[in-house]
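Going from the sequence shown to the numbering used here is simple: count from 1 and add 590. The C-beta atom is built at its ideal place from N, Cα and C for all residues, glycine as well.
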Amino acid sequence: MADGSSIDKIYHPYVQALEQEIEYRSRYQKDSNDNLDGQQRHLLGFGRSFSDRVFGEIYLEGSNDSGESFSIDVIEVEAKIQLTEQGEYDSDWGILFELEREKSDNNWEASSTLIALHEWTDWIVTTNFGLIYEWGSRIDNEWETSFSTQFRYRYKQTLEPSIEIYFSEDSKGIGPVLSGTFRLGGRRKLMWESGLILGVNSNTPDESWKFNIEYEF
Numbered sequence: 591m592a593d594g595s596s597i598d599k600i601y602h603p604y605v606q607a608l609e610q611e612i613e614y615r616s617r618y619q620k621d622s623n624d625n626l627d628g629q630q631r632h633l634l635g636f637g638r639s640f641s642d643r644v645f646g647e648i649y650l651e652g653s654n655d656s657g658e659s660f661s662i663d664v665i666e667v668e669a670k671i672q673l674t675e676q677g678e679y680d681s682d683w684g685i686l687f688e689l690e691r692e693k694s695d696n697n698w699e700a701s702s703t704l705i706a707l708h709e710w711t712d713w714i715v716t717t718n719f720g721l722i723y724e725w726g727s728r729i730d731n732e733w734e735t736s737f738s739t740q741f742r743y744r745y746k747q748t749l750e751p752s753i754e755i756y757f758s759e760d761s762k763g764i765g766p767v768l769s770g771t772f773r774l775g776g777r778r779k780l781m782w783e784s785g786l787i788l789g790v791n792s793n794t795p796d797e798s799w800k801f802n803i804e805y806e807f
């Protein structure tokens with residue numbers, strides 16, 4: 591909500607029982623338009639599963655939109671529900687609910703996202719379909735939709751290349767992403783993701799660099 595961009599994280603549908611995680615996500619924009627150039631967004635979150643089907647997470651978000659100084663101004667909560675067992679159907683399904691509040695302007699955003707994942711040989715295709723409603727004192731009350739998809743190749747566990755596509759009212763982009771998982775023993779895992787999404791219209795930054803890291807325990 592802070593910058594209107596849908597370029598962020600593509601969610602998978604799975605929930606693990608007894609899972610806990612600490613997550614950090616960041617995005618940095620480069621653009622010929624000064625209003626978009628140099629914007630940063632950082633999220634720090636903690637999440638845990640409440641069953642083998644339900645996972646919740648809370649985030650603090652900071653940004654420096656439109657040349658302003660960096661500030662932590664957004665709080666977000668989300669709940670993910672795994673709808674089907676892995677491999678039960680041709681695709682695996684989940685749904686994500688999010689509620690976000692921007693404190694300084696008292697703006698709100700609520701969204702629901704349908705998650706689908708399909709495996710085909712060494713490829714994994716994950717798609718997120720989002721329905722979003724925004725309201726508040728300084729924004730128009732409106733509905734929006736979003737679509738994002740990831741085509742990931744299972745090269746090896748620590749390094750998996752992919753292509754991601756983002757499409758929404760405010761942003762349209764495509765680009766390469768690398769990700770991987772390091773198993774640290776027991777339930778502990780370190781997962782990383784880094785990529786460059788290139789804007790394909792004038793409202794989207796020319797370059798959106800993103801970096802995500804999660805520690806599960």
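Beta strand (DSSP E) segment containing Y649, residue limits: Taking the sequence shown and counting its residues from 1, one reaches residue 649 at position 59. Here the beta strand (DSSP E) through Y649 covers V644 to S653.
Cβ-based neighbour list, V644, same chain, cut-off 6 Å, excluding 5 preceding and 5 following: The residue given as residue 644 occupies position 54 in the sequence shown. Hits under 6 Å: I671.
Alpha-carbon spacing of I648 relative to F801, whole angstroms: Taking the sequence shown and counting its residues from 1, one reaches residue 648 at position 58. Taking the sequence shown and counting its residues from 1, one reaches residue 801 at position 211. If you take the alpha carbons of I648 and F801, they lie about 19 Å apart.
Of the residues K693, V715, I685 and E709, the one placed nearest E754, counting alpha carbons only: Position 164 of the sequence shown, counted from the start, is the residue given in the question as residue 754. Minimum Cα distance to E754 is reached at V715.
Terminal residues of the beta strand (DSSP E) in which D663 lies: In the sequence shown, residue 663 corresponds to position 73, counting from 1. First-last of the beta strand (DSSP E) with D663: S661 to Q672.
Limits of the unbroken beta strand (DSSP E) element including I753: As a working mapping, residue 753 is identified with position 163 in the sequence shown. I753 -> beta strand (DSSP E) spans E750 to S758.
Cβ neighbours of L703 in the same chain (closer than 6 Å, five flanking residues each side left out): Start at 1 with the first residue of the sequence shown, and residue 703 comes out as number 113. A small correction: the amino acid at residue 703 is Thr; Leu does not occupy that position in the sequence shown. The residues are L686, N718 and G720.
Per-residue DSSP class, three states only, for H602: To locate residue 602, count along the sequence shown from 1; it is residue 12. Three-state DSSP puts H602 in coil, outside helix and strand.
CA-to-CA distance, T735 to E797, given in whole angstroms: In the sequence shown, residue 797 corresponds to position 207, counting from 1. In the sequence shown, residue 735 corresponds to position 145, counting from 1. Straight-line Cα distance between these residues: approximately 22 Å.
Opposing strand residues paired with Y723 [DSSP bridges]: Sequence index remark: in the sequence shown, residue 723 carries index 133 (1-based). A700 and W733, per the DSSP bridge assignment.
Distance between L788 and P795 (C-alpha atoms, nearest Å): For this step, residue 795 is matched to residue 205 along the sequence shown. For this step, residue 788 is matched to residue 198 along the sequence shown. So the two alpha carbons sit approximately 7 Å from each other.
Identity of the residues DSSP links to V715 by a beta bridge: Here residue 715 is taken as the residue at index 125 of the sequence shown, counted from 1. Paired residue(s): H708 and F741.
Nearest neighbour of E804, chosen from S738, S792 and K779 [CA to CA]: In the sequence shown, counting from the first residue as 1, residue 804 sits at position 214. Among S738, S792 and K779, the Cα nearest to that of E804 belongs to K779.
Cβ contact (3+ pairs, closer than 8 Å) linking the stretch 606-624 and the stretch 756-771: no
Straight-line Cα distance separating E678 from E688: Translated into positions along the sequence shown, residue 688 becomes position 98. Translated into positions along the sequence shown, residue 678 becomes position 88. Rounded to whole angstroms, E688 to E678 spans 26 Å at the Cα level.
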